[in-house]
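S.K.:
Number of protein chains: 2
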Amino acid sequence: MQVDSPRRSNDLRTAEMRARLMDAARSLFVAHGFAGTSTPAIVDRAGVTRGALYHHFPDKTAIFRAVLEREAAEVAAAILAADPPGANPLDALLAGASAYLAAMAVPGRTRLLLVDGPAALGRVALRQIEAQHGDATLLGGVKAAQADGTLPPLPAQALTSLLSAMFERAALDLSDGHPPADYLATAKAIILGLSQLRQPH
Amino acid sequence: MQVDSPRRSNDLRTAEMRARLMDAARSLFVAHGFAGTSTPAIVDRAGVTRGALYHHFPDKTAIFRAVLEREAAEVAAAILAADPPGANPLDALLAGASAYLAAMAVPGRTRLLLVDGPAALGRVALRQIEAQHGDATLLGGVKAAQADGTLPPLPAQALTSLLSAMFERAALDLSDGHPPADYLATAKAIILGLSQLRQPH
DNA sequence: GTCATAAACATACACTCTGCATGCATCTAA
DNA sequence: TTAGATGCATGCAGAGTGTATGTTTATGAC
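Protein chains in written order, with the working numbering: chain A, 1 to 201; chain B, 1001 to 1201.
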C-alpha cells in the first residue's frame, strides 16, 4: 500500500486535479491578472506540471473561464439564497442588490468578473457565462417591479443593463475601499427616484 | 534631392512616426484587443520595424497608453465643446451625457477605453489618464446640480461614480447595436427621478 | 488475477513574442 | 563640414504557449 499514491478512481483524480489547478490559477489571476499569469506559474503553485494543466484544459483561457464560471455560480447562488419568498418587487430588488454586493466582496472577485473577464474572454462570452448561472434574476426583478407599477414602463432591457452597471461599479468601488454606506444610500435613492417618478403626460 | 527621403526635421519625423505607429496600433487593438495584438503586427501595418516602435515607446503598454490618452482627450474635448454656457445644472448634465455618448460612438472607442484599458493598464492608471484630460467634468456637474438643489445631497463621489458607470454601460450597449432611444430615455428617467426625489424626513 | 486499452500526467520540442544591445543612417549645431 | 545626437533597423537572449510524444495509473473483459 503506497502512502503517497493511494489508489483513487479516475473521476476523483480528475476532480481533485481540476480543483487544485483552478485554486492555484485563481489566486494568481487575482494577484497578477490574466495576462500577467503564466501557465508555468500556475502549475508550480499547484505542484504539478504543465502536462496536467493541458490535459484538463485546452488552453489558458479555458482554465480562466472555468474559474470565472465557478465565481459566477457562487454569486448567483448567494443572490438566490437571499431572495425573500413573499416580498414586494421593490424589497426583492433591494435584497438582491444587497446580496450581490455582499457576494462580490469576496476578495478578487471583482477583478476576475468585472475587469479581467470582459477583456480576456470578451463581453459576449462573459454574458453567456453569467446567463448560464441565472443572471436573469435582475431582469426578472425589474420586469416584476414594472408589472407591479413600482418601476416605470421604461425599456426593460436598457433599464436592467444600466442598473446592473451601477451595481457592478458599486462592487468595484467597494473593493477599492470606498464607504459602503455612501453607495447603499445612493443606489437606493436612484431606485426610489425611479419608483416615485411622476409620469410626463 | 531624394524623392523617397525628403529632408525632414527630427521633430517632424518623430511626430509622423508616432502618429503612424499609434494609428496602426489603434486599429489592431480595436480588432484583436491588447493581448491579441503583437508588436510585429503593429510595425508591419505601419510599414516600419520594431526598432522604431521601441525607440518611441518603452514597451508595448506604453503605446497602448498613448493611444488611450489620445482617445480620452478627444472625448473630453467633445464634452467640453458641447457645454452650453448659461444652462442650468440639469440641462448641462444632460448635454454632457449626450456629448459623451456621441463621442464614444467612434468605432472601437468603447473597447479601448472601457474593456481593454482597465484590464491592460489597471483601473487606477486609467482613472489617472481620464483625470488628466478633464474627466472631472461629471463630478463638477453633479456638485453644481447638488448645490443648485437639482440633485439630492447624496455623497457626490458615489453618485458620480454610479452615474458614470451608467453612461459607460450605455456607450457599450450602443456600440453593440442596442437602440439609442431606449438608453436615452432610461438615463433621463433615472436623472429625473433623482431630481424629483422627495426627501425622507 | 492478467492483460489490453484508455485515461492521467510528465517531458521535450517548435514556434512566437517581448525587450534589449548593437549598428547604420539621418539630422543638428557649432 | 564635421562631431555628436537622434532616428531607426538588425540581431539576439529569455520566456511563454501549445502540441507531440513518452510514461504511469486506472478500467473492464476474461
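Even for Gly, the Cβ is constructed at its ideal location relative to N, Cα and C.
For clarity, every value in this text was computed on a predicted model and none was experimentally measured.
Can the beta-carbon of A120/A be found less than 8 Å from the beta-carbon of F57/A?
M.R.: no
S.K.: What do you reckon, are the CB atoms on M1166/B and I1129/B nearer than 8 Å?
M.R.: no
S.K.: Between A77/A, E16/A, G177/A and K60/A, which has its C-alpha nearest Q132/A's C-alpha?
M.R.: A77/A
S.K.: If I'm right that A1015/B touches D182/A with Cβ under 8 Å, what's the distance once you round it to whole angstroms?
M.R.: Not a contact, Cβ separation roughly 45 Å.
S.K.: Distance cutoff 8 Å, beta carbons only. Does A1073/B sit that close to anything in chain A?
M.R.: For A1073/B, the answer is no, since every Cβ of chain A falls outside 8 Å of its Cβ.
S.K.: Need the endpoints of the alpha helix (DSSP H) that P1040/B sits in, please.
M.R.: T1039 to A1046
S.K.: Taking Cβ positions, are D83/A and S1161/B nearer each other than 8 Å?
M.R.: no
S.K.: So, at 6 Å on beta carbons, what are the nonlocal neighbours of D148/A in its own chain, with the 5 sequence-adjacent residues on each side left out?
M.R.: P89
S.K.: Please compile the residues from chain B whose C-beta is within a distance smaller than 8 Å of the C-beta of I190/A.
M.R.: L1162, I1190, G1193 and L1194
S.K.: Please look up how many angstroms separate the CB atoms of A171/A and L101/A, rounded, as I've assumed it's under 8 Å.
M.R.: 6 Å
S.K.: Measure the alpha-carbon distance for V276/A versus G36/A and round it to whole angstroms.
M.R.: Residue coverage of chain A in this structure runs from 1 to 201, which leaves residue 276/A outside it and unanswerable.
S.K.: Would you verify that the beta carbon of Q157/A is, or is not, closer than 8 Å to some beta carbon of chain B?
M.R.: Judged by the 8 Å Cβ criterion, Q157/A is in contact with chain B.
S.K.: Have a look at R169/A and D1011/B and give me their C-alpha separation to the nearest angstrom.
M.R.: 42 Å
S.K.: Using only the alpha-carbon positions, how far apart do D59/A and T39/A sit?
M.R.: 9 Å
S.K.: Can you give me the C-alpha to C-alpha distance between V1075/B and M1104/B, rounded to a whole angstrom?
M.R.: 7 Å
S.K.: Just how far apart, CA to CA, sit R18/A and I79/A?
M.R.: Cα to Cα, the separation comes out at about 26 Å.
S.K.: If we count the other Cβ atoms within 10 Å of its Cβ and call it buried at 16 or more, is R1111/B buried or exposed?
M.R.: R1111/B comes out buried.
S.K.: Compare the C-beta of G1168/B with all C-beta atoms of chain A and state if any pair is closer than 8 Å.
M.R.: Before going further, note that residue 1168/B is Glu rather than Gly in the sequence given. Closer than 8 Å to some Cβ of chain A, the Cβ of E1168/B qualifies, so yes.
S.K.: Skipping 5 residues on each side, what residues in its chain have a beta carbon closer than 7 Å to that of S195/A?
M.R.: The residues L90, T150 and L151, in chain order, have a CB closer than 7 Å to that of S195/A in the same chain once the five nearest residues on each side in sequence are set aside.
S.K.: Is there a C-beta anywhere in chain B that falls below 8 Å from the one on V115/A?
M.R.: yes
S.K.: In this structure, how does DSSP classify M1001/B when only helix, strand and coil are distinguished?
M.R.: With a pLDDT of only 34 at M1001/B, under 50, the local geometry of the prediction cannot be trusted, and no value is derived from it.
S.K.: In the DSSP assignment, find the unbroken alpha helix (DSSP H) run with T1160/B in it and report its ends.
M.R.: A1156 to S1175
S.K.: Rounded to whole angstroms, how far is the Cβ of L1068/B from the Cβ of G1033/B, which I believe are closer than 8 Å?
M.R.: Contact doesn't hold; Cβ gap of about 13 Å is too wide.
S.K.: For A1081/B, count neighbouring C-beta atoms within 10 Å of its own C-beta (all shown protein chains included) and say buried if the count is 16 or more, exposed if not.
M.R.: With fewer than 16 Cβ atoms within 10 Å of its Cβ, A1081/B is classed as exposed.
S.K.: Do L1021/B and L1053/B have their C-beta atoms within less than 8 Å of each other?
M.R.: Against a cut-off of 8 Å, the Cβ pair of L1053/B and L1021/B comes out as a contact.
S.K.: When Cβ atoms are compared, which residues of the region 1082-1108 of chain B fall closer than 8 Å to chain A?
M.R.: Residues: none.
S.K.: Using the Cα positions of L126/A and A72/A, report the straight-line distance between them to the nearest angstrom.
M.R.: 10 Å
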